[in-house]
Amino acid sequence: MTRVVYTDPAWAVDGRGALDPALATIERAALGDGVDLGLGVRRDGRFLLDGPEFERHVAGADALVVYRARVTARLLDAVGPSCRVVARQGVGLDNLNAELLRARGLWGFHVPDYCGDEVSTHTLALALALERGVCVQDRLVRDGAWNIHAGRIPRRTAGLTAGVVGFGRIGRATSRKLHACYGRVLAYDPYVPADLMASHGVTSCASTAELFAASDVVVLHPELTAKTTRLVDRDVLRAARPGALLVNTARGGLVDLPAVLDALRDGRLGGFASDVFSPEDPNDDEVGRALLRRADVIVTAHRAFLSAESEASLRRRVADGVAHVLRDDAPRPAASPTRVC
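First residue of the sequence shown? That's 1 in full-length UniProt numbering, and the numbers climb one at a time after it.
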């Protein structure tokens, strides 16, 4: 029997925090009846992503689907020679390890375009929540402290400049929404020509430092690669316009969190909002916990992608892509989902 293993499918967890195989309706429709479907191992409210029990779970899989789990040589060794394809249930490539898959002769793919509307909307929501002091006001009023001036004094956004780092699918979607609120939009992306940015009403910047120096709010949308790891570091933040806001809905590794914390403390940054952290939960990190104690920080639990529609689309496209490889020993020729090796 063909075995398809999902390492950490958040959609398979019921309201009590337990795995429920009955929730895999989309997957079973796409993969068919003759498939043994593995839906991860959970302990203490979390998926196991390493260790002997996890390795036993993935062993013998013909196809592996990862979400937050990282593709490593050890993981592929644990799966064994039966594996033919590894899919990433998400946008980014940082944990898919395309070079390793290529070296092992395995197919791999991800789905880079299923949640552009959701992520761009979430990005704008975080930026405006910082601008208007929404979360601070919410907490204070609930605690009986009615004070219209508490928290950050809002700015008139129509006179401000927004900067977008990374001008791919999601960066472009976000820029369209930023135009509705901000007077000017800039972008930095070394792989996108200035002419294309201009067609979106966006002005190109030559570097991240130039963009930070000219922007009142900066939103991050690049992929996480060796070149973009800690892209926002102390040097870039020193160039920032005083009081600028920073919003990250891309990858936690793009940001040097200790540098962000220091920039908030000295006023270089006026606020920080993030949907993503490294480690995944900021409560697991000393710097993350320090950020969570600050009123000028807003966080969400890596859910910028989430809607009922985006989740169903992602699940269907991943399952369809896996089924295609298992049937034809090759990914779909179309660009959806996108083959990476």
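Virtual Cβ for every residue (Gly too), placed ideally from N, Cα, C.
All values derive from a computational prediction rather than experimental measurement.
Near the ligand MN: residue i beta-carbon under 7 Å from a heavy atom
| i | result |
| --- | --- |
| residue 178 | Within the structure as shown, the ligand MN is missing, as the structure has no ligands at all. |
C-alpha gap between residue i and residue j, whole angstroms
| i | j | result |
| --- | --- | --- |
| residue 335 | residue 267 | With a pLDDT of 45 at residue 335, under the threshold of 50, the predicted position of this residue should be treated as unreliable, though the coordinate-derived value follows. Each residue's Cα considered, the two are about 45 Å apart. |
| residue 186 | residue 82 | 48 Å |
| residue 64 | residue 250 | 24 Å |
| residue 133 | residue 213 | 23 Å |
| residue 67 | residue 115 | 15 Å |
| residue 189 | residue 172 | 11 Å |
| residue 325 | residue 111 | 15 Å |
| residue 228 | residue 210 | 16 Å |
| residue 270 | residue 245 | 5 Å |
| residue 24 | residue 205 | 45 Å |
| residue 342 | residue 84 | Nothing about residue 342 can be read from this structure; the chain reaches only from 1 to 341. |
| residue 2 | residue 69 | 22 Å |
| residue 207 | residue 181 | 24 Å |
| residue 43 | residue 59 | 19 Å |
| residue 293 | residue 261 | 11 Å |
| residue 313 | residue 9 | 14 Å |
| residue 243 | residue 74 | 45 Å |
| residue 86 | residue 191 | 27 Å |
| residue 166 | residue 34 | 42 Å |
| residue 315 | residue 27 | 7 Å |
| residue 300 | residue 226 | 25 Å |
| residue 4 | residue 282 | 31 Å |
| residue 129 | residue 176 | 18 Å |
| residue 92 | residue 146 | 42 Å |
Start and end residues, alpha helix (DSSP H) containing residue i
| i | result |
| --- | --- |
| residue 298 | Where residue 298 is concerned, there is no enclosing alpha helix (DSSP H), although the beta strand (DSSP E) it sits in stretches over 297-299. |
| residue 2 | Premise fails: residue 2 lies in the beta strand (DSSP E), 2-6, not in any alpha helix (DSSP H). |
| residue 130 | 116-132 |
| residue 184 | Counting along the chain, residue 184 falls outside any alpha helix (DSSP H), though it belongs to the beta strand (DSSP E) covering 184-188. |
| residue 214 | 208-214 |
| residue 88 | Here residue 88 belongs to no alpha helix (DSSP H); instead the beta strand (DSSP E) covers 85-88. |
| residue 308 | 308-328 |
| residue 234 | 234-238 |
| residue 304 | Unbroken run through residue 304: none, as it is neither H nor E. |
| residue 287 | 286-292 |
| residue 178 | 169-178 |
| residue 27 | 25-31 |
Range of the contiguous beta strand (DSSP E) that encloses residue i
| i | result |
| --- | --- |
| residue 156 | From DSSP, residue 156 is part of no beta strand (DSSP E); its letter is neither H nor E. |
| residue 251 | Neither: residue 251 is in no beta strand (DSSP E) and is coded neither H nor E. |
| residue 69 | Segment: none, residue 69 is in no beta strand (DSSP E) and carries neither H nor E. |
| residue 260 | Not the beta strand (DSSP E): residue 260 falls in the alpha helix (DSSP H), residues 257-265. |
| residue 220 | 217-220 |
Test: residue i CB closer than 8 Å to a CB of chain D
| i | result |
| --- | --- |
| residue 278 | This model lacks chain D altogether; it includes just one protein chain. |
Cut-off 8 Å between Cβ atoms - residues of its own chain near residue i, not counting five sequence neighbours on either side
| i | result |
| --- | --- |
| residue 174 | 119, 120, 123, 124, 164, 219, 221 |
| residue 41 | 47, 48, 53, 54, 57 |
| residue 183 | 157, 158, 159, 160, 161 |
| residue 95 | 66, 68, 69, 70, 71, 88 |
| residue 241 | 212, 213, 214, 215, 216 |
Which of helix, strand or coil DSSP assigns to residue i
| i | result |
| --- | --- |
| residue 200 | coil |
| residue 270 | strand |
| residue 144 | coil |
| residue 108 | strand |
| residue 41 | coil |
| residue 54 | helix |
| residue 46 | strand |
| residue 224 | coil |
| residue 246 | strand |
| residue 150 | coil |
| residue 18 | coil |
| residue 335 | With a pLDDT of only 45 at residue 335, under 50, the local geometry of the prediction cannot be trusted, and no value is derived from it. |
| residue 138 | helix |
| residue 36 | strand |
| residue 76 | helix |
| residue 103 | helix |
Residues near residue i by beta carbon distance below 6 Å, same chain, minus five either side
| i | result |
| --- | --- |
| residue 279 | 285 |
| residue 97 | 71 |
| residue 320 | 30 |
| residue 178 | 162, 185 |
7 Å Cβ shell around residue i - same chain, five flanking residues per side excluded
| i | result |
| --- | --- |
| residue 276 | 248, 249, 250, 251, 252, 302 |
| residue 13 | 19 |
| residue 194 | 204 |
| residue 39 | 6, 9, 12, 19, 21, 24 |
| residue 151 | 133, 136, 137, 295 |
| residue 311 | 11 |
| residue 239 | 209, 212, 213 |
| residue 104 | 76 |
Assumed close pair residue i, residue j - CB separation to whole angstroms, cut-off 8 Å
| i | j | result |
| --- | --- | --- |
| residue 100 | residue 71 | 6 Å |
| residue 287 | residue 258 | 5 Å |
| residue 322 | residue 76 | Actually they are not in contact, since the Cβ atoms of residue 322 and residue 76 sit about 16 Å apart, beyond 8 Å. |
| residue 345 | residue 264 | Since the first residue shown for the chain is 1 and the last is 341, residue 345 is missing from the structure and cannot be characterised. |
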